[in-house]
Amino acid sequence: MSAVADAVLYEGYLLYPYRRSSPKNRARWQFGVLFPRDWVEADGPVGPGMSGAADSWYQRTECLLRMRRPDAAVRLRVRVRYLQLQHKQVEDADGLPVESLTCADGTVQLTFEEAVARAADLTIALDEGEHRFAVSSPAATETEELPSGDGRIVRRRAEVRASAVLEAERLGEGLFRLRVRTANDGHVGDPRAPRDLALRHALIATHTLLGVEGAEFVSLIDPGRALQEATRSLRNDFTFPVLGGAPPATAPEDGSVSPLLLSSPIILPDHPQVAPESPGDLHDAGEIDEILTLRTMLLTDEEKREARATDPRAAEILDRVDTMPPEVFERLHGAIRSLGPSGEASPASPTGRPAWWQEGGDDGLSPATDTVLVGGVRVGGGSPVRLRPRGRGADAQDMFLAGRTATVAAVFHDVDGSTHLAVTVDDDPAAELHGWYGRFHYFRPDEVEPLGGTDVPDPAAAEEPSPGPTPSEA
């Protein structure tokens, strides 16, 4: 799980093309940012937070802990991780601050914002008490002399004052509710300061790792029938907890559990994994490694020179891409994780072979006009439905839409023969825009409930078309 946690920590740290001059690298630090409370609650031109974004001064994680035996000795470990902003200032030989400096050996140094990884730990025996621990980081200044007396680099960090509180509440025999609340206890000084200055006192990419011995964490996505009501009472603010570790070999019969839990500001599934083909962190964990690698290969020599001067992590990425063996690059092109049973007929292919895998196999498919039978009702483009995502194995973002009404835009068939409905959510202010450029939510037919019938005709029941008027009628 450490690789996934590191991906969360550095997601968005530095985006392709990894250069200081790139506009998107001027708006970094977007995930899990905990600012001082006085800055978040200050009234600015766009409301509290000055930035107009969903900035917060705290994170709250709640989860269920189920003991393996009522008399088991349970040991709990909590780790809060984040990045502390570090300002890298380049100075010339006279000690004057400069934006860039070319050294005698041809290397370039750029003034930029870096970050340092921080972590705070707590290990306790499970009880119903409250445990507070510090997650602060002190202010510091570090100086690095450049070779040949060209100048120096001065790195400065402002103090980050923060704390976390762990609470355990017994809900029943062998069942506890755990709460971890991390808060920024510091001050900006000027609550109307711009965001880039407030970031110097913030916790960035904040997330929480929990591990337990003698008990197990219960999945919020798949808690099982017995614990559904208990999980609904949990409150998670600015974070989403998922089970960690390797997924089980077989689906559990009554809810998913694990001795590891990751509470992340980025929505993830239970048991998230980094693809084994990935050769290293590209700071774009939601992107495809092959695409980013190809784009990095296409950087000009001058662009690579600037990227190397921007940040040491960018230089590591360039070095890895430039020296990547062909066999490693080939692995990035794709992988088959699992294969379904063969010989099963699908709506797209009565022969049992996925129609899209055959020459011309997609002939006759029309997503905009195709329909599928759901609960005795023919559903297709324009049909109103209510979203009922399945509990086990559903995507967390789909679960947020449970019970909402939506309109079907199209019916799609996958290469494996399965069917999905593309929908837009009715109360989404951007629904019309999403429909215009094809950004839909996708649900299986058994995850929707038809509403009030449909005007979509059943193609199988359509009458033979009229041949038109006879010559005598004309």
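Just so we're aligned: the sequence shown equals residues 220 to 693 in this note's numbering. Cβ coordinates follow ideal geometry from the N, Cα and C atoms, glycine included.
Name the two residues that bound the continuous beta strand (DSSP E) containing M516. Run containing M516: none in the beta strand (DSSP E); it sits in the alpha helix (DSSP H), D508 to M516.
Which residues does DSSP list as the beta-bridge partners of V327? T321
When you compare the segment 480-492 with the segment 424-431, are there three or more beta-carbon pairs, one atom per stretch, that lie closer than 8 Å? yes
Per DSSP, Q305 is paired with what? E333
Which first and last residues belong to the alpha helix (DSSP H) in which A417 is found? R414 to A417
Exposed unless 16 or more other CB atoms sit within 10 angstroms - verdict on T362: exposed
Assigned exposure category for M220 - 16 Cβ within 10 Å defines buried: buried
Just the Cα atoms here: how many angstroms apart are L416 and P255? 11 Å
Can you confirm whether D665, when its beta carbon is compared against all beta carbons of chain D, has any partner nearer than 9 Å? Included in the structure is just one protein chain, with no chain D present.
Unbroken beta strand (DSSP E) run spanning R597, endpoints: V596 to G599
Enumerate in chain order the residues of its own chain whose CB-to-CB distance from G464 is below 8 Å, with the five nearest sequence positions on each side excluded. M220, S477, P478, L479 and H490
Alpha helix (DSSP H) containing Q447: first to last residue? Q447 to R451
Would you report the Cα separation of I372 and E364, rounded to the nearest angstrom? 6 Å
Measuring alpha carbon to alpha carbon, tell me which residue in G348, D589 and L283 is nearest S452. L283
Would you kindly report the start and end of the unbroken alpha helix (DSSP H) that includes I423? No alpha helix (DSSP H) contains I423, which is instead part of the beta strand (DSSP E) from I423 to E432.
If G327 and R524 are in contact, beta carbons under 8 Å, what's the gap, nearest whole angstrom? Reading the sequence as shown, one finds Val at residue 327 and not Gly. Rounded, the Cβ-Cβ distance is 6 Å, consistent with contact.
Since P531 is in the alpha helix (DSSP H), which residue starts that stretch and which ends it? P531 to D541
Helix, strand or coil, according to DSSP, for N244 in the structure here? helix
Please state if the CB of L228 and the CB of A381 are separated by a distance shorter than 9 Å. no
Quick one, are the C-beta atoms of V644 and L670 less than 9 Å apart? no
Identify every run of the alpha helix (DSSP H) within the segment 442-506, keeping only runs that are complete inside it and at least 4 residues long; order them along the chain. 447-451
Which value, in whole angstroms, describes the spacing of the CA atoms of R351 and G370? 44 Å
Using 8 Å as the threshold, is the segment 454-464 in touch with the segment 296-316, meaning 3 or more CB pairs across them? no
For A528 and R279, I'd like the C-alpha separation in whole angstroms. 38 Å
Sort V598, R396, A526 and S367 by Cα distance to S241 and report the nearest one. A526
Close-in-space but distant-in-sequence residues of the same chain around H502 (CB under 6 Å, 5 per side omitted): Y229, Y232 and L233
So for G370, helix, strand or coil by DSSP? strand
Inter-residue spacing [alpha-carbon to alpha-carbon] between D530 and Q308: 12 Å
Are the Cβ atoms of V634 and S602 separated by less than 9 Å? no
Ignoring anything shorter than 3 residues, give me the beta strand (DSSP E) runs that lie fully in the segment 376-411, in order along the chain. 381-391 and 394-403
Which partner residues of R300 appear in the DSSP bridge assignment? A338 and H426
Does A625 pass the burial test, meaning 16 or more other C-beta atoms within 10 Å, or should it be called exposed? buried
For F250, does the count of other Cβ atoms within 10 angstroms reach 16, so buried, or fall short, so exposed? buried
CB-CB under 7 Å to V493, same chain, minus the five flanking residues each way: which ones, in chain order? A222, V223 and A226
Is the distance from the Cβ of L537 to the Cβ of Y237 below 9 Å? yes
Going by DSSP, which residues form a beta bridge with Y661? A641
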